[in-house]
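Numbering (my numbering), first residue to last: 1 to 346.
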Amino acid sequence: MFGCRNGLIDALRKMDKAGAKAILMIITCVPELIGEDIQAILNEVQPELSARVTFVMLGQFKNISYPPGSWKTMEALGMLMDGKATDPNRVNVLGRAPEEEHIPLPSLLPALTGRGLTLRYLAPGSSLEDFQRAPDAALNLVVSPFMQPLAARMEREFGVPYITLHTLYDVESIDKAYTALAERFGYSWDDAFEKERQEALTLQNQARKRLGGLRYVFFPRIDIPLPLAVFLTGLGMEPLLLHLEEYYPEDRGYAKELTDMGHNPWVCRMVNAQADLPILEKLAPDLCFGYLPEPNKTIPCVPDLFDFYGQVGYARTSYLLKRILGILNEINASGKGGTAHGSASI
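Written out as structure tokens, the structure is:
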């Protein structure tokens, strides 16, 4: 929306009269710059409308990339929800669309349906009705950073608890989350995940031995960098520089975990990775994670990690560690890499 109060109210009335079921307003720079109180406008006009109205503030000067637009829009959908009687066998999966055959399905989800739970998938592409009915769930499972603010809002406003899965890499933390999930619904996993758990644990122990003392940086195309940084640092690595596309509301806790480990790396947002390569070369990390704009002969790189979207649990940890260990094997085979480059201050 670019206009001001009177035009906005008139537009809402016209859309309501035309039969809109719900209205999402995307507020751009001008209303925020002139101090327009959008919430006050909604408080005034909503009682006369049949359609539910929500809004998201997306002025470019405060939202410099797609992640804030994504999570703020998803959180805003909470305003379209109504309190519902709880269905004890209903679970919302926040962060996967109903049909995503091209993305591997985490083994946890079919295991839940096999125990009689009904899953409702909520993500961009889900129906408005599914979002509006979402408060009837007994639990929200969060598998995407874009959906955690909505899960937190649903817990505050509707009492729907949530378990965050997308931030968990360490086997022990996954153990705790899966145990809490089973206890909530009164059953045991038995050995349902034992094979993939043992594989992840074996790889994690190998990685701890081989990664200890190595220094790393994050370049673009890592969807949840701070939780990943906590995991890698917990394996004994040293963070030098972290690119953050977005600082999510929950990231404050992960930043504290890093500093509690004794690390306080540089944090930045790169808009021209090619221009930032000289800084990377001065830091001389042992490993780079993310996207490098061109093949770099001196810095081994674990390429962009966007392909883990919607995946959680032990299998994702195994996939990640196999990728990292594979790069280390290539380094060892070529005789390149390591800290021989030295380090330089910037």
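Built from N, CA and C at the ideal position, the CB exists for glycine as well.
#1: Report the rounded CA-to-CA distance for Lys14 versus Asp223, giving the unit in angstroms.
#2: Sorted by chain position, which residues of the same chain lie with C-beta nearer than 6 Å to Ser318's C-beta, five sequence neighbours on each side aside?
#3: On the DSSP bridge list, what partners appear for Arg120?
#4: On a CA-only basis, which of Gln132, Arg323, Arg252 and Glu36 is nearest Leu305? Give me that one, please.
#5: Taking Cys288 as part of the beta strand (DSSP E), name the residues at either end of that continuous run.
#6: Answer yes or no: do Leu325 and Ala207 have a C-beta to C-beta separation smaller than 8 Å?
#7: By the DSSP assignment, the alpha helix (DSSP H) with Tyr309 in it spans what residues?
#8: Between which two residues does the alpha helix (DSSP H) containing Ile174 stretch?
#9: With distances taken from CA atoms, which of Asn6, Ala20 and Lys17 is nearest Ala40?
#10: In terms of residue numbering, what span does the alpha helix (DSSP H) encompassing Cys29 cover?
#11: Under a three-way DSSP split, which group does Tyr216 fall into?
#12: Where does Phe131 sit, in a helix, a strand or coil, going by DSSP?
#13: Use the C-beta contact count for Gln166: other C-beta atoms within 10 angstroms, 16 or more gives buried, fewer gives exposed.
#14: Mapping DSSP to helix, strand and coil, what is Pro225?
#15: Exposed or buried, what is Asp286 when buried is set at 16 or more other beta-carbons lying within 10 Å of its beta-carbon?
#16: Closer than 6 Å by C-beta to Arg197: which residues in its own chain qualify, once you throw out the five before and the five after it? Chain order, please.
#17: Determine the direct distance from the alpha carbon of Ala284 to that of Leu277, and round the result to whole angstroms.
#18: Check whether the Cβ atoms of Val302 and Leu168 sit closer than 8 Å, and answer yes or no.
#19: Within the continuous alpha helix (DSSP H) that includes Met15, where are the two ends?
#20: Under 6 Å Cβ to Cβ from Lys72, same chain only, skipping five residues before and after it: list those, please.
#21: From Leu128 to Leu12, what distance separates their C-alpha atoms?
#22: Starting from Val267, follow the beta strand (DSSP E) in both directions and report where the run begins and ends.
#23: Suppose the cutoff is 7 Å on Cβ atoms and the five residues either side in sequence are ignored; what does the same chain contact list for Gln46 look like?
#24: So Gly186 packs on Gly212, CB below 8 Å; how close in whole Å?
#25: So, at 6 Å on beta carbons, what are the nonlocal neighbours of Pro300 in its own chain, with the 5 sequence-adjacent residues on each side left out?
#26: How long is the line joining the alpha carbons of Leu42 and Ala229, rounded to whole angstroms?
Quick look at the numbers:
#1: Looking at the backbone, the Cα of Lys14 and that of Asp223 are separated by about 39 Å.
#2: For Ser318, where only same-chain residues beyond five positions count, the Cβ hits under 6 Å are Glu199, Ala200 and Leu203.
#3: Note: Arg120 sits in a beta bridge opposite Asn92.
#4: The option with the nearest alpha carbon to Leu305 is Arg323.
#5: Leu287 to Phe289 is the span of the beta strand (DSSP E), which, as asked, contains Cys288.
#6: Yes, they are a contact pair.
#7: Counting along the chain, Tyr309 falls outside any alpha helix (DSSP H), and DSSP gives it neither H nor E.
#8: Per DSSP, the continuous alpha helix (DSSP H) segment holding Ile174 begins and ends at Val171 to Phe185.
#9: Among Asn6, Ala20 and Lys17, the Cα nearest to that of Ala40 belongs to Asn6.
#10: That run of the alpha helix (DSSP H) goes Cys29 to Leu33.
#11: Of the three classes helix, strand and coil, the one that applies to Tyr216 here is strand, per DSSP.
#12: Helix.
#13: Here the sequence assigns His to residue 166, which means Gln is not the residue at that position. So His166 counts as buried.
#14: Assignment of Pro225 by DSSP, reduced to helix, strand and coil, places it in the helix class.
#15: By the neighbour-count rule (16 or more Cβ atoms within 10 Å), Asp286 is buried.
#16: So the qualifying residues of the chain are Tyr314.
#17: In this model, Leu277 and Ala284 are separated by some 11 Å (Cα to Cα).
#18: At least 8 Å separates the beta-carbon of Val302 from that of Leu168.
#19: Taken as a continuous stretch (DSSP letters only), the alpha helix (DSSP H) holding Met15 covers Arg5 to Lys17.
#20: Val56.
#21: The straight-line gap from Cα to Cα measures roughly 18 Å.
#22: Unbroken beta strand (DSSP E) run through Val267: Trp266 to Cys268.
#23: Counting only Cβ-Cβ distances below 7 Å, and skipping sequence neighbours, we find Val53.
#24: Rounded to whole angstroms, the Cβ separation of Gly186 and Gly212 is 41 Å, and the two are not in contact under 8 Å.
#25: Counting only Cβ-Cβ distances below 6 Å, and skipping sequence neighbours, we find Leu287, Ile327, Ile331 and Gly337.
#26: Distance between the alpha carbons of Leu42 and Ala229 is about 41 Å.
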